[in-house]
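J.: Got a structure here, written out as structure tokens. Questions coming.
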Ligand code: NAI
Ligand code: 15L
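Residue numbers (full-length UniProt numbering): 2 to 269.
Following this line, the structure appears as structure tokens:
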């Protein structure tokens, strides 16, 4: 049966807030969790991913989990270790112990951020390209994908790892023209990841059907994802303001963009 009750971790964050608005239209009952109170979500759980007891209570009885919580930019190794690496482990352990069958894991393009971006007629980047994290943050997403594989192989807990590009209301940079995921397509992809059958551990890229796409959406489409948006209408204005990406510029040369040269730092 299709999952109905879904735990949404990181529900107070940017993507969590967008998905709280969009996923209920697909019929889900969301149980929200975050480190900070989730405004406008009565009954939301305020808990740290470090709190194993709270996670056991939070996952009990849900059909699936959408795991967005964690540090979403670069930080010290110690902070990334606690929130993203141990935190994701704690969530998977709770899910295993409570018999949850499926997790949708918010991985990131920064797990493969040191992959050179395709130019011209270069082939699109496949999901099985070697992982090349660009930061400790990207390293934690690479860990999450391996953890997901282990929990599938050993425990039969299924995961769709979504290497999200940039999911914001609009693309705001020339790089984002290639990796943008509109919020509506984000909800379509999460819904597909929650409902497709026999996913085992599947890795997909998360973006809209952008004209300037850098990566291969075949595995995402195989879940039933049918993206409806394209960043191209934003291209002319962004390129006029910012110029085209320059191959000689290190911050333009890789998938991870400026994360390889000057990563944005998590503010807390
Ligand atoms: P965000 O930073 O706005 O939200 C993350 C949420 O996680 C915050 O509300 C924060 O309070 C919560 N959180 C942090 N540490 C926690 C802990 N120890 N315990 C419980 N909750 C904790 O980030 P955003 O943009 O909403 O991203 C959500 C997820 O998607 C993140 O895992 C991020 O790495 C991933 N992602 C997002 C992309 C995007 O374009 N928004 C791109 C690629 C990946
Ligand atoms: C990410 O992984 C971040 O969480 C998000 O805030 C954006 O910076 C995105 O990658 C990106 O690469 O644009």
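Here a beta-carbon is modelled for each residue, glycine too, at the ideal position from N, C-alpha and C.
From a predicted model like this one, the values you see are computed outputs, not experimental measurements.
Heavy atom of the ligand 15L less than 7 Å from the Cβ of residue 167, yes or no?
T.: yes
J.: Can you tell me whether residue 37 is buried or exposed? The criterion is at least 16 other CB atoms within 10 Å of its CB, across all chains shown.
T.: exposed
J.: Can you give the beta carbon distance from residue 126 to residue 217, rounded, assuming they're within the 8 Å contact cut?
T.: 6 Å
J.: So, for residue 193: in the same chain, excluding its five sequence neighbours on each side, which residues have a beta-carbon less than 6 Å away from its beta-carbon?
T.: For residue 193, where only same-chain residues beyond five positions count, the Cβ hits under 6 Å are 224, 225 and 226.
J.: Answer with buried or exposed for residue 266, where buried requires no fewer than 16 other C-beta atoms within 10 angstroms of its C-beta.
T.: exposed
J.: Could you tell me which of 8, 73, 66 and 209 sits nearest to residue 268, measuring between CA atoms?
T.: Ranked by Cα distance from residue 268, the options 8, 73, 66 and 209 are led by 73.
J.: What distance in whole Å lies between the Cβ atoms of residue 220 and residue 196, which are believed to be in contact at a cut-off of 8 Å?
T.: Not a contact, Cβ separation roughly 15 Å.
J.: Please go through the same chain and pick out, in chain order, the residues whose beta-carbon is closer than 6 Å to the beta-carbon of residue 168, but skip the five residues on each side of it.
T.: 16, 182 and 187
J.: Please report the distance separating the alpha-carbon of residue 240 from that of residue 184.
T.: For residue 240 and residue 184, the distance between alpha carbons rounds to 22 Å.
J.: Under the rule that 16 or more other beta-carbon atoms within 10 Å means buried, what is residue 4, buried or exposed?
T.: buried
J.: What is the DSSP secondary structure of residue 38, reduced to helix, strand or coil?
T.: coil
J.: Is residue 72 helix, strand or coil by DSSP?
T.: coil
J.: Excluding five sequence neighbours on each side, which residues of the same chain lie with their C-beta closer than 7 Å to the C-beta of residue 116?
T.: Answer for residue 116: 126, 130, 133, 255 and 256, listed in chain order.
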